[in-house]
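To start, the structure under review is shown below, and the notes come after it.
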Amino acid sequence: MPRNIPLGNGNMLVAFDKDYRLREFFFPYVGEENHTNGNKFMMGVWIEEDFHWIDSSWIDSMKYIEDTLVTQVILKKEQLDLELLINDCVDFHENVYMKKITVTNLSQRERLIKIFFTQDFSILGNEIGDTAVYRPENKTLLHYKSNRYFLINIFGKEGPGIANFAIGSKGKNNLEGTFKDAEDGKLGGNPIEQGSVDSVVGSEITLSPVSSGSFYYYICAGKCWGDVNTLNSVVIEKTPQEIIRRTANYWKLWVSKEPLPLDKLPEMISSIYRKSLLILRTQLDNGGGILAANDSDVMQYNRDTYSYIWPRDGALVAHSLDLAGYGVLSSNFYKFCEGVICEDGFLFHKYTPSGNVGSSWHPWVIDGKKQLPIQEDETALVLWALWEHFKKYRDIEFIKPLYKRLIKNCAYFLCSYRDRVTKLPRESYDLWEERLGVHAFTVASVYGGMIAAANFAKAFGEIDVSEHYRNSAQDIKESFEKYMYIGEENRFARMSRFENGKLVYLDKTVDASLYSIFAFGMYSAKDEKVAGTMESIMKKLWCNTEVGGIARYEDDPYYRISNETTGNPWFITTLWMALYYIETGDQGKALELLQWVASRSLESGVLSEQVNPYTNAPLSVSPLTWSHATYVHAVLKYLEKFYNCNIFNELR
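Note that our numbering has the sequence shown beginning at 1385, numbered continuously upward.
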């Protein structure tokens, strides 16, 4: 199920599903320690002896206030003559999640309306040893375990404090959960429970005919009681309304900091561009980690999540941030990579935001032979993106401490991790993490990374080292053309395998990732071999349904909906084709694909990984950080190519 609206500040991330239920609550790292474990935090409404849980049947609109990370959610039940307008945010500075609820009584009679909120924490990702307790000294409710504390409060017309609450057990002795206590409109008031626990708090409001009233609900996150108690005092002193106001103003300033000619674009495209930047920011940890996605529903597919830092995804996202003028954020990522790079000069499969190696399915040994469990493109693309960063910002003081440990260390690995006979990179896993071999995407990435290292070495005055890197890159390009070009089809193969320096297998499957042969500088986009390759992608991978879009590769099985299509359309693959059309000067086709992507976003602007080829419904994780970054990249390149917006100069 997609996460229609994410909110965050780099330390905290919360996200809602399509039924407007809070499903993700990360703290103190974005992407690490999900304190809901995918559980549902729900809202309920009691009115005139009737109770309703909020679900998709209530939702009239679910989006952000324009150019902010503050929601504007409209919930309606016409048969109840009731409307709720809700504004959610995570404060841009403090670790506070805030919700404003404006209730409108549309009937011609006075009415008492009760609103309930459930808290279904699984602190530190599990339900063992949690405690929920009512704190009478400030009339708040507290969930805690170890050094993770979550304070819940309500701020109404009478001021702060919770008057109605219930705390209980869940998932044992056939207990569904304390949320059931709300359904009669009354809460039991049990003050404490331990183990597997949940809680409910409520607020009531009496409204005259055809009138409105507001109150606030919020959660403070910290590492001890003192932290959350202090945050509660900050909210009360500043007032909840000020928290929302200042957060909206901050994001309006943040997203508009660079003077881009977005008015040259159709409004839908420019709007999704700004939304993409904001949604991207919610997926970035302040420690430098760029998370692939934070959608716990994907656990149903493989019992793991996308809440990791893949260096490849991170490098491409950082590059988009650089193009958009957010060099501080990209710098944080490069410093993160410098901190986790191994002594041998390569980056592992993926990492946690705290800098530990993440889970993996890549083995260290295959058929009794040692094998590095890596995707080599992940190491190479960090170098490539870092050089693109330096070209724009010329931040020598930033690059200097990275030069030896990150740049030269990685470059040495890329140069040495090659077959002595073919001179191509040795086998590693592909970007789709499905097969071992010598991949076109990896070759192109390594070429781009080595050219970047050569440029850095030249800039630092190491001319001989620079020439060594450059010559190695040229050897790789020549070998790639020798072994992996399919002359009779005028295109490149996606993968090869060798034994003792001899080609034993050539995988001719058409794969959208072949766009890489021009994306990282190995070939010009106008090269006839690139043109042949990209034409084969458009011919073989465009989905033959009304939805359209480009699949990953022929007969892609991942979340596949139907054997009648070659696979599901992905946003990144469709945008790669847009980037090709931009590079070759085909404005009409490029614009058409940008519009294809923008028109398939959710109302909030969220882009998933894939869409259903028949219904446009989002598939797999949502939002996918890579999707938004590639959209930002494509829009900026479009402006640069067709409207003389020189990104590298105008944004400096």
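Ideal Cβ positions, reconstructed from N, Cα and C, are used throughout, including at glycine.
Just so you know, these numbers come straight off a predicted model, no measurement behind them.
- Between the stretch 1987–1999 and the stretch 2010–2027 there are three or more C-beta pairs closer than 8 Å, enough to call the two in contact.
- Taking the CA atoms as reference points, Lys1541 sits about 19 Å from Glu1521.
- For Thr1949, there is no enclosing alpha helix (DSSP H), as DSSP marks it with neither H nor E.
- Per DSSP, Glu1494 lies in no alpha helix (DSSP H) and is assigned neither H nor E.
- DSSP places Glu1408 in the uninterrupted beta strand (DSSP E) bounded by Leu1406 to Tyr1413.
- Under the three-state reduction of DSSP, Cys1726 is assigned to coil, being neither helix nor strand.
- Residue environment analysis places Cys1608 among the exposed positions, since fewer than 16 neighbouring C-beta atoms fall within 10 angstroms of its C-beta.
- Taking 9 Å as the cut-off, the Cβ atoms of Val1429 and His1419 do not count as close.
- Looking at the backbone, the Cα of His1733 and that of Leu1890 are separated by about 25 Å.
- Given a length threshold of 4 residues, the stretch 1387–1457 has no whole run of the alpha helix (DSSP H) inside it.
- Under the 10 Å beta carbon count, Ser1983 is surrounded by fewer than 16 other beta carbons and is classified as exposed.
- With contacts defined as CB atoms closer than 9 Å, Cys1473 and Ala1676 fail to qualify as a contacting pair.
- Cβ-Cβ separation between Gln1979 and Pro1650: approximately 7 Å, consistent with a contact (criterion under 8 Å).
- Checking the DSSP bridge columns, you'll see Lys1754 partnered with Val1749.
- About 5 Å separates the beta carbon of Ile1860 from that of Tyr1831, a gap short enough to meet the 8 Å contact definition.
- In the DSSP assignment, Leu1820 falls within the beta strand (DSSP E) that extends over Leu1820 to His1823.
- In the three-state reduction of the DSSP assignment, Asp1911 falls in the coil class.
- Shown here for Glu1967: same chain residues with a beta carbon closer than 6 Å to its own, the five before and five after excluded, namely Ala1909 in chain order.
- DSSP links Ser1598 through a beta bridge to Thr1486.
- Residues of the same chain with a CB within less than 8 Å of the CB of Leu1815, apart from the 5 flanking positions on each side, are Arg1696, Gln1759, Asp1761, His1823, Phe1825, Thr1826 and Ser1897 in chain order.
- Note on Gln1492: under 16 other CB atoms within 10 angstroms of its CB, so exposed under the neighbour-count rule.
- Closest in C-alpha terms to Arg1881, from the list Glu1811, Gln1625 and Val2016, comes Glu1811.
- The beta-carbon separation of Met1426 and Ile1389, rounded to 15 Å, does not stay under the 8 Å limit for a contact.
- By the criterion of at least three beta-carbon pairs nearer than 8 Å, the stretch 1792–1804 is not in contact with the stretch 1737–1746.
- For Ala1764, same chain residues with a beta-carbon under 7 Å away, outside a window of 5 residues either side, are Leu1798, Ser1829, Val1830, Gly1832 and Gly1833 in chain order.
- The residue from Ala1843, Lys1498 and Ile1538 with its alpha-carbon nearest to that of Ser1617 is Ile1538.
- The C-alpha of Ser1587 lies about 15 Å from the C-alpha of Met1482.
- Between Ile1589 and Val1487 the beta-carbon gap is near 6 Å, inside 8 Å, which marks them as a contact.
- Nearest Cα to Arg1789 within the set Ile1485, Gly1415, Phe1730 and Leu1637: Phe1730.
- For the pair Ile1576 and Val1517, the Cα-to-Cα distance works out to about 4 Å.
- If you draw a straight line from the Cα of Tyr1867 to the Cα of Thr1949, it comes to about 30 Å.
- Non-local beta-carbon contacts of Phe1902 in its own chain, meaning distances under 6 Å to residues more than five positions away in sequence, involve Ala1909 and Val1914 in chain order.
- The distance from the Cβ of Cys2029 to that of Pro1645 is about 6 Å, consistent with a contact at the 8 Å cut-off.
- Comparing alpha-carbon positions, the option among Tyr1602, Ile1536, Gly1673 and Lys2021 lying closest to Gly1723 turns out to be Gly1673.
- According to DSSP, residue pairing for Glu1467 in a beta bridge involves Lys1460 and Thr1488.
- The three-state reading of DSSP puts Ser1660 in helix, counting H, G and I together.
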